[in-house]
Amino acid sequence: MEQHGLLDYYKAIENTSRRMLEAAQGEDWDQVVRLEGACAVLIAQLRFKSRTDELGPEERKEKTRIMQRILRTDAEIRCLAEPWLNDLAQIFDKSSPAPMH
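Here our numbering is used: the first residue of the sequence shown is 47, the next is one more, and so on.
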């Protein structure tokens with residue numbers, strides 16, 4: 047079984063995040079959701095691995111750069127998803143029964 051270092055997980059999360067952005071730009075929301083699930087698995091694996099492994103000083107700097115890129119990508123995805131989420135909320139609001147007083 048191949049061993050992955052902590053930095054490999056950060057890079058994989060970044061790559062998946064970038065693919066999520068591409069899917070969001072193409073309005074492929076099903077793919078965004080699938081990739082979000084893949085990110086969740088990678089994050090869980092990273093958390094497990096980080097219990098026993100540590101990053102060196104240079105790796106911590108690279109991790110910071112990767113995390114900044116992930117956060118920027120996430121913000122772009124949220125901007126693209128917001129109108130879609132608002133539409134979805136309106137659909138649910140219309141299909142919900144009126145509240146009883």
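Ideal placement from N, C-alpha and C gives every residue a C-beta, glycine not left out.
What residues in its chain sit with their C-beta under 8 Å from that of A41, if we drop five residues either side in the sequence?
The shown model of the chain, from 47 to 147, leaves out residue 41, and the question about it has no answer.
What residue range is occupied by the uninterrupted alpha helix (DSSP H) comprising G83?
The count along the sequence shown starts at 1 and reaches residue 83 at position 37. Element bounds for G83: 75-95.
Leaving out the 5 sequence neighbours to the left and right, which residues in its chain are closer than 7 Å to R65 when beta-carbon positions are compared?
Taking the first residue of the sequence shown as position 1, residue 65 is located at position 19. Here the set comprises L81.
Straight-line gap, A69 to R97 (C-alpha atoms, nearest Å):
Indexing the sequence shown from 1 puts residue 69 at position 23. Indexing the sequence shown from 1 puts residue 97 at position 51. Taking C-alpha positions only, A69 is separated from R97 by approximately 32 Å.
Closest to A86 by CA distance: which of I59, H50, T119 is it?
Residue 86 sits at position 40 when you count from the first residue of the sequence shown. It is I59.
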